[in-house]
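Take a look at the structure below.
Structure (structure tokens):
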């Protein structure tokens, strides 16, 4: 049993997770986890800030609705990519941060950025 298997034992083995483990292609498996633009932008924001509250994430991600942000955060938390820390205060306070798994994805985002800047650089229309 390797370290990844041990880590994944902490995730409740649901039908959804079983489906994920049965995807043979690693690219397809990773797209199932973080294949939408908002998940990548959430990970990017948290990698740059360390931790953020819901409203801060909502304000920093252009075009995301509260409903979509909530769904993406729950999805990323379920798969162990982000942490959700709730404080017992009034009003309630919740902070999100990256797990080690989420931190590791920062390198993928950096490679994506290098690739797009090389082949499709930002050129605003005048």
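Numbering (the numbering used here), first residue to last: 337 to 462. C-beta: ideal position from N, C-alpha, C; glycine also. A quick note: this is a predicted structure, and the numbers were derived from the prediction, not measured.
Query raised in the report: Alpha carbon to alpha carbon, how far is residue 361 from residue 425?
Result: Rounded to whole angstroms, residue 361 and residue 425 show a C-alpha spacing of 44 Å.
Requested in this report: Have a look at residue 337 and residue 398 and give me their C-alpha separation to the nearest angstrom.
Outcome: Because the pLDDT at residue 337 is just 46, under 50, the model does not fix this residue reliably, and the value given afterwards should be weighed accordingly. Rounded to whole angstroms, residue 337 to residue 398 spans 42 Å at the Cα level.
**Report entry** Secondary structure of residue 360, DSSP reduced to three states
**Finding:** Reduced to three states, the DSSP call for residue 360 is coil.
Query raised in the report: Which whole-angstrom value describes the C-beta separation of residue 469 and residue 433, a residue pair presumed to lie in contact below a C-beta threshold of 8 Å?
Result: Since the first residue shown for the chain is 337 and the last is 462, residue 469 is missing from the structure and cannot be characterised.
Report task. Starting from residue 423, trace the beta strand (DSSP E) both ways and give me its first and last residue. Result -> Membership of residue 423 in the beta strand (DSSP E) is indicated by the continuous run 418 to 423.
**Report entry** Supposed contact pair residue 430 and residue 422 - C-beta distance, whole angstroms, cut 8 Å
**Finding:** Confirmed, about 5 Å.
Query raised in the report: Where do the ends of the alpha helix (DSSP H) carrying residue 454 lie?
Result: Counting along the chain, the unbroken alpha helix (DSSP H) around residue 454 starts and ends at 442 to 455.
Query raised in the report: Are there 16 or more other CB atoms within 10 angstroms of the CB of residue 389, so buried, or fewer, so exposed?
Result: Exposed, since its Cβ has fewer than 16 Cβ neighbours within 10 Å.
**Report entry** Backbone secondary structure at residue 355 - three-state DSSP
**Finding:** Residue 355: helix per DSSP, three-state reduction.
Query raised in the report: Where does residue 439 sit, in a helix, a strand or coil, going by DSSP?
Result: Helix.
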